[in-house]
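Q:
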Amino acid sequence: MKRLYFRETSPADYLDPRRASVFRRRLLSWYLDNRRALPWRDTPTPYRVWISEIMLQQTQVGTVLPYYNRFLERFPDIPSLARASETDVLQRWAGLGYYGRARRLHQAARILWPARQGKFPEEYEAVLALPGIGPYTAGAICSIAYNQPRPVVDGNIRRVLVRLLGIGGKVRERFFWGQMSALLPPNQASSFNQAMMELGALVCTPHRPQCSSCPVAGVCRALESGNPARIPVKHPRSSRPVHLLVLLLEKDGRILLASSGKPGFIPGAWVLPCRVLADAGSAEGEAARLIREITGRAIRPVPLPQFRHAITHRRITVHLFGSAGEPATVKEEDYRWVDRRRGKERVLSSLFRKALEAGAKAGA
DNA sequence: TACGCGTGGTG
DNA sequence: TCACCAAGCGT
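Quick note on this note's numbering: the first sequence kicks off at 84 and runs consecutively.
#1: Strictly by DSSP, which residues pair up with Tyr418?
#2: Where do the ends of the alpha helix (DSSP H) carrying Ala276 lie?
#3: Take Leu306 and list the residues in its own chain whose beta-carbon comes closer than 7 Å to its own, dropping the five residues that flank it on each side.
#4: Should the segment 169 to 177 be called in touch with the segment 197 to 214, which here means at least 3 C-beta pairs below 8 Å?
#5: Look at Gly405 and Leu285 and say whether their C-beta atoms are less than 8 Å apart.
#6: Grab me the residues of Arg101's own chain with a C-beta within less than 6 Å of its C-beta, minus the 5 sequence neighbours each way, in chain order.
#7: Just checking, does the segment 229 to 240 make contact with the segment 270 to 283 on the three C-beta pairs under 8 Å criterion?
#8: If you reduce the DSSP assignment to three classes, tell me which class Arg102 lands in.
#9: What residue range does the alpha helix (DSSP H) around Cys225 cover?
#10: State the DSSP-derived secondary structure class of Cys357, mapped to helix, strand or coil.
#11: Of the choices Arg153, Pro122, Gly368, whose alpha-carbon is the least far from that of Gly178?
#12: Smallest Cα separation from Arg380: which of Cys357, Ala370, Ala223, Pro289?
#13: Given a threshold of 16 other Cβ atoms within 10 Å of its Cβ, counted over all protein chains shown, does Gln262 qualify as buried or as exposed?
#14: In whole angstroms, give me the CA-to-CA distance for Phe158 and Ala185.
#15: Please return the same chain residues whose Cβ sits closer than 6 Å to the Cβ of Leu188, not counting the five positions on each side in sequence.
#16: Apart from the five residues just before and just after Thr239, which ones in its own chain have a Cβ nearer than 6 Å to its Cβ?
#17: Could you tell me the alpha carbon to alpha carbon distance between Pro149 and Asp99, rounded to whole angstroms?
#18: On the three-state DSSP scale, how would you describe Phe89?
#19: When the Cα atoms are used, what is the spatial distance from Arg86 to Ser342?
#20: Using C-beta distances below 7 Å, list every residue in its chain close to Pro234, excluding the 5 sequence neighbours before and after it, in chain order.
#21: Would you grab the beta carbon distance between Leu355 and Leu327 for me? Rounded to a whole angstrom, and I think it's under 8 Å.
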């Protein structure tokens with residue numbers, strides 16, 4: 084059955100040549116005057132643009148900045164990144180999220196060095212073939228670092244385009260790529276692509292777009308129609324509640340950590356002993372059971388402060404437990420007693436860092 | 001195509 | 001408090 088959910092593209096969706104020309108000129112002019120000074124814009128070498136684009140995937144500029152600077156300091160070029168251990172790379176990434184990005188970044192560096200002398204490829208297809216690089220990132224690197232005429236489409240650009248073109252319904256992904264290809268000035272791809280994203284980030288924002296100071300307000304169909312903020316239309320998403328049991332076991336000032344082979348956690352990172360719960364009510368009973376499994380002894384779990392942790396599509400309620408009395412020696416290899424202070428130096432996700440802080444605050 | 005992946009900011 | 005969002009990719 085044919086789905087009517089997506090709106091078909093019609094020739095009328097494209098800006099006519101005159102409006103397109105006005106749009107390009109005003110956007111580029113605005114960008115030259117208003118672009119933010121960012122470290123990867125100072126000297127846009129392929130390597131620096133690459134790192135920035137990976138870090139910026141689903142992550143805001145302000146969040147990325149400190150990580151970017153620290154990362155470049157430690158790994159200034161492809162050989163230094165390739166020579167590093169994965170743990171070292173993850174250590175610098177810890178806190179940024181989406182840890183698969185860091186692993187694939189590292190894998191790509193090892194493909195490029197020493198086999199390809201650490202030289203970042205120039206051909207779009209070769210860039211796209213690298214781990215962690217999809218159509219957006221390949222287009223971004225080729226256009227920004229090499230000024231190749233490659234379109235890009237990201238969240239900002241989708242929003243700018245549907246407003247500019249006054250698209251109310253849902254369109255397919257290829258619609259956006261077609262529009263960007265049509266608008267792209269072949270000799271100014273670097274500036275144009277960045278200008279589109281900059282406009283989306285600074286002016287054509289999701290809430291309360293600043294239409295009064297928008298350089299392309301004169302050619303915007305959403306503004307013509309009256310209420311630009313109503314575009315794009317939003318559809319509800321659900322985020323499921325999850326209950327997670329976490330154990331904070333101590334012995335002689337050390338805490339028990341496990342190297343996580345478990346799916347859903349940072350690869351190669353350390354975790355506190357934990358288990359997903361069927362419901363909130365089973366927390367204490369499961370805590371006792373997990374302690375017994377780990378230590379081989381029946382030790383009463385002591386409730387510590389609960390806290391919540393939000394991840395995309397999930398609201399996690401963390402049920403934190405300590406133990407009364409000294410847990411016996413742990414048999415299983417995955418577990419290790421680690422000095423509390425040194426525990427923080429290990430790769431830990433924010434959730435477990437929060438758990439350590441909550442435990443410390445409770446005097447555990 | 002739809003989902004999972006982490007975290008911090010925003011209203 | 002909470003849903004939504006942010007320079008996406010891999011499966």
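Where is the CB? At the ideal position from N, CA and C, for every residue including glycine.
A: Concretely, from the data shown:
#1: For the purposes of this step, residue 418 is identified with residue 335 of the first sequence, where counting begins at 1. DSSP, once it has assigned bridges, lists Ala341 as partnering Tyr418.
#2: Start at 1 with the first residue of the first sequence, and residue 276 comes out as number 193. It is Asn, not Ala, that sits at residue 276 in the sequence shown. Segment 272 to 285, the alpha helix (DSSP H) holding Asn276.
#3: On the first sequence, position 223 is the one that residue 306 refers to. Cys294, Ala300, listed in sequence order.
#4: Inter-segment contact for the segment 169 to 177 and the segment 197 to 214 is absent: fewer than three beta-carbon pairs are separated by less than 8 Å.
#5: The count along the first sequence starts at 1 and reaches residue 405 at position 322. The count along the first sequence starts at 1 and reaches residue 285 at position 202. If you check the CB distance, Gly405 and Leu285 do not come in under 8 Å.
#6: For this step, residue 101 is matched to residue 18 along the first sequence. Nothing meets the Cβ criterion.
#7: These segments touch.
#8: Position 19 of the first sequence, counted from the start, is the residue given in the question as residue 102. Helix.
#9: Indexing the first sequence from 1 puts residue 225 at position 142. Where Cys225 is concerned, the enclosing alpha helix (DSSP H) starts and stops at 218 to 229.
#10: If you number the first sequence from 1, residue 357 lands on position 274. In the structure shown, Cys357 falls within a strand segment according to DSSP collapsed to helix, strand and coil.
#11: Working through the first sequence from its first residue, we reach residue 178 at position 95. Checked all of Arg153, Pro122, Gly368; the closest Cα to Gly178 is Arg153.
#12: Against the first sequence, residue 380 aligns to sequence position 297. Here the closest residue by C-alpha is Ala370.
#13: Sequence index remark: in the first sequence, residue 262 carries index 179 (1-based). Around the beta-carbon of Gln262, 16 or more other beta-carbon atoms lie within 10 Å, marking it buried.
#14: By 1-based counting over the first sequence, the position of residue 158 is 75. By 1-based counting over the first sequence, the position of residue 185 is 102. If you take the alpha carbons of Phe158 and Ala185, they lie about 12 Å apart.
#15: Against the first sequence, residue 188 aligns to sequence position 105. Counting only Cβ-Cβ distances below 6 Å, and skipping sequence neighbours, we find Ile137, Gly215.
#16: To locate residue 239, count along the first sequence from 1; it is residue 156. Position check: residue 239 holds Asn in this sequence, whereas Thr was assumed. Here the set comprises Met280, Gly283, Ala284.
#17: For this step, residue 149 is matched to residue 66 along the first sequence. For this step, residue 99 is matched to residue 16 along the first sequence. Taken atom to atom, the span from the alpha-carbon of Pro149 to that of Asp99 is near 42 Å.
#18: In the first sequence, the residue the question calls residue 89 occupies position 6. In this structure, Phe89 counts as strand in the three-state DSSP scheme.
#19: Sequence index remark: in the first sequence, residue 86 carries index 3 (1-based). Sequence index remark: in the first sequence, residue 342 carries index 259 (1-based). For Arg86, the pLDDT reaches just 38, beneath the cut-off of 50, and the residue's location in the model is therefore unreliable, although a value from the coordinates is still provided. Taking the Cα positions, Arg86 is about 46 Å away from Ser342.
#20: By one-based count along the first sequence, residue 234 stands at place 151. Excluding positions up to five away in sequence, the list reads Gly222, Trp260, Met263, Ser264, Leu267.
#21: What you label residue 355 is simply residue 272 of the first sequence in a count that begins at 1. What you label residue 327 is simply residue 244 of the first sequence in a count that begins at 1. Here Leu355 is actually not in contact with Leu327; their C-beta atoms are around 10 Å apart, not less than 8 Å.
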